[in-house]
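Asks: Sequence order for the protein chains is A and B. Read in order, the letters of the first sequence correspond to residues 525 to 745 in my numbering. Read in order, the letters of the second sequence correspond to residues 525 to 745 in my numbering. Glycine included, each C-beta is placed from N, C-alpha and C at the ideal position. This one's a predicted model, so the numbers in the text were calculated from it and none came from an experiment.
There are 2 protein chains.
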Amino acid sequence: MSTIHSFTEENYLKAIYHLSTGNNSVVSTNQIAEITNTKAASVTDMLKKLAEKKLINYIKYQGVTLTEAGKNAAVNIVRKHRLWEVFLVEKLGFKWDEVHDIAEELEHINSESLINRLDDFLGNPAADPHGDPIPDRSGTIHQKKLVRISDMQQDQNGTISGVSEHSSVFLKLLEKMGLTLGTKIRVSELIEFDGSIILIVNDHADRTISREVAKNILVML
Amino acid sequence: MSTIHSFTEENYLKAIYHLSTGNNSVVSTNQIAEITNTKAASVTDMLKKLAEKKLINYIKYQGVTLTEAGKNAAVNIVRKHRLWEVFLVEKLGFKWDEVHDIAEELEHINSESLINRLDDFLGNPAADPHGDPIPDRSGTIHQKKLVRISDMQQDQNGTISGVSEHSSVFLKLLEKMGLTLGTKIRVSELIEFDGSIILIVNDHADRTISREVAKNILVML
DNA sequence: TATTTTTTTTAGATTAATCTAAAAAATAAA
DNA sequence: TTTATTTTTTAGATTAATCTAAAAAAAATA
Ligand SMILES: [Mn+2]
Ligand SMILES: [Mn+2]
Ligand SMILES: [Mn+2]
Ligand SMILES: [Mn+2]
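1. What is the C-beta distance between Val602(A) and Ile540(A), in whole angstroms, given that I count them as a contact (C-beta under 8 Å)?
2. Which stretch, first to last residue, makes up the beta strand (DSSP E) that contains Val588(B)?
3. Please classify Gly594(B) as buried or exposed, where buried requires at least 16 neighbouring CB atoms within 10 angstroms.
4. Taking Asn634(A) as the query, report the chain B residues whose CB atoms sit under 8 Å from its CB, ordered along the chain.
5. How far does the alpha helix (DSSP H) with Ala575(B) in it extend, from its first residue to its last?
6. Thinking C-beta only, is His654(B) closer than 8 Å to His690(B)?
7. Three-state secondary structure (DSSP) at Glu736(A)?
8. Residues bridged to Pro657(A) by DSSP?
9. Between the region 542-554 of chain A and the region 617-629 of chain A, are three or more C-beta pairs nearer than 8 Å?
10. Determine which residues share a DSSP beta bridge with Glu713(A) and list them.
11. Let me check understanding here. Comparing Cα to Cα, which of Leu579(B), Trp608(B), Ser637(B) lies closest to Asp652(B)?
12. Hey, would you say the C-beta of His632(A) is under 7 Å away from at least one heavy atom of ligand 2?
13. Any chance the region 696-703 of chain A sits against the region 633-647 of chain A, with 3 or more Cβ pairs inside 8 Å?
14. Output needed for Lys604(B): all residues of its chain with C-beta closer than 6 Å, excluding positions within five of it in sequence on either side, in chain order.
15. Would the C-beta of His605(A) count as close to ligand 1, meaning under 7 Å from any of its heavy atoms?
16. Any idea which residues DSSP pairs Arg731(A) with across the strands?
17. Report whether the distance from the Cβ of Ala627(A) to the nearest heavy atom of ligand 1 is below 7 Å.
18. Would you mind giving the Cβ-Cβ distance between Leu714(B) and Gln667(B), rounded to the nearest angstrom? I have them listed as a contact below 8 Å.
19. Please name the residues in the region 636-647 of chain B whose beta-carbon is closer than 7 Å to at least one beta-carbon of chain A, in chain order.
20. Buried or exposed: Lys538(A), going by 16 or more other Cβ atoms within 10 Å of its Cβ?
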């Protein structure tokens with residue numbers, strides 16, 4: 525099960541995976557270059573290699589999609605990344621804005637038994653510290669239906685369950701405003717002037733957030 | 525603090541460290557080639573590079589020693605290796621013969637805060653699952669004085685506290701014979717014929733071990 | 001449809017880590 | 001102290017991953 529790929533190949537697979545689960549499923553060379561911090565020429569080289577290994581479907585000038593094998597490999601890396609993030613926060617006491625870079629390294633450790641034991645040790649968590657779902661050992665992802673606060677109606681209630689922006693500044697801001705995962709909110713008022721929103725947090729405190737912030741907080745209704 | 529070195533450089537530094545703390549402090553090109561599974565020519569190339577970076581003292585044809593900087597780097601890798609081994613055994617339930625290869629990968633994860641938090645999480649252990657001392661965060665190693673069973677006198681008592689052979693076959697054998705770390709033993713008889721030794725284990729069971737096995741079990745008197 | 005702009009690929013180099021084969025130096029043996 | 005053996009270094013190649021600059025293809029605009 526699961527052939528070994530180089531550190532670099534894994535990062536490309538992961539990049540393609542994240543890009544293709546975003547909007548469109550076909551991913552372009554430039555998009556990959558952007559998030560892997562490389563140049564388009566380097567990406568083209570790697571795409572040939574990954575296609576050779578049957579991890580992606582690649583036709584010149586037409587973008588790429590992951591094959592089943594490629595997708596499995598990518599999902600496995602995502603699984604490892606997210607489990608390590610849970611470990612770092614739950615067991616070692618890191619803040620949710622501090623774990624991503626370390627998990628970027630840990631996700632490349634190759635040991636099936638390690639990751640499955642870690643999963644059990646953590647109590648088989650369903651989501652990582654940012655609310656992102658953790659694929660189970662068979663690669664299945666159980667994604668809960670979430671909506672952005674910016675898409676909620678007046679007087680609607682929900683529980684903060686994820687974020688769609690992972691930068692440290694954003695996460696620290698949410699922390700400071702008490703808008704962390706599990707927090708109950710109610711949309712109290714939609715400000716017409718600039719789209720900002722007034723929330724009732726945990727039934728009492730009220731907080732005003734900008735539309736930009738509201739767009740990046742995901743809520744379970 | 526602590527510059528970043530490549531994965532490969534770290535493995536060479538660690539190899540030199542282990543070789544130089546063994547017997548003689550000056551390490552030869554061939555010795556390094558042997559334990560890094562490379563050829564002498566490759567080692568020479570790397571030695572030039574490490575010397576350039578002032579991590580080793582290297583004079584052509586004369587072998588190498590670690591500089592202070594090189595030794596610090598090496599000790600830090602050893603610290604990480606051993607702490608991860610404790611984690612794998614104590615928290616994830618791996619056996620002591622299963623953890624080395626995984627730790628070989630984990631030891632290259634670079635994060636000072638990660639390793640210090642891990643250290644605290646594990647309760648600042650003094651030794652790894654094989655009894656090897658764990659350097660503290662300043663790099664100091666508190667090595668207990670241990671003797672080989674093969675060097676013990678008749679009727680002498682001690683507690684098994686380490687091994688000088690880390691192969692899986694050897695560790696599994698000790699496990700099967702109940703000669704794991706912390707076990708109390710007494711040398712009951714020294715067999716003249718082949719040098720094998722009869723032990724009293726935990727005050728009752730008696731076990732005969734070969735001289736070869738006795739040489740690789742370390743005891744605190 | 002013809003032209004311009006953008007995207008992608010190719011060509012050719014570079015760097016890190018490795019190798020084999022040959023040369024040079026050090027060590028051991030005669 | 002020669003000669004032979006072993007160890008180490010150099011020379012020259014290779015592979016993976018990257019880059020810049022130029023060419024080719026696709027997409028957008030006029
Ligand atoms: Mn992350
Ligand atoms: Mn995450
Ligand atoms: Mn080990
Ligand atoms: Mn160990």
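Replies: With the structure as the only source:
1. In fact, because the Cβ distance is near 12 Å, the residues do not count as touching under 8 Å.
2. 588-590
3. buried
4. Glu629
5. 564-576
6. yes
7. helix
8. Ala651(A)
9. no
10. Ile722(A)
11. Trp608(B)
12. no
13. no
14. Scanning its chain for C-beta atoms nearer than 6 Å, with the 5 sequence neighbours on each side dropped, one finds around Lys604(B) the residues Glu631, Ile639, in chain order.
15. yes
16. Leu723(A)
17. True, at least one ligand heavy atom lies under 7 Å from that Cβ.
18. So it is not a contact: roughly 27 Å between Cβ atoms.
19. Leu638, Arg641, Leu642, Phe645
20. buried
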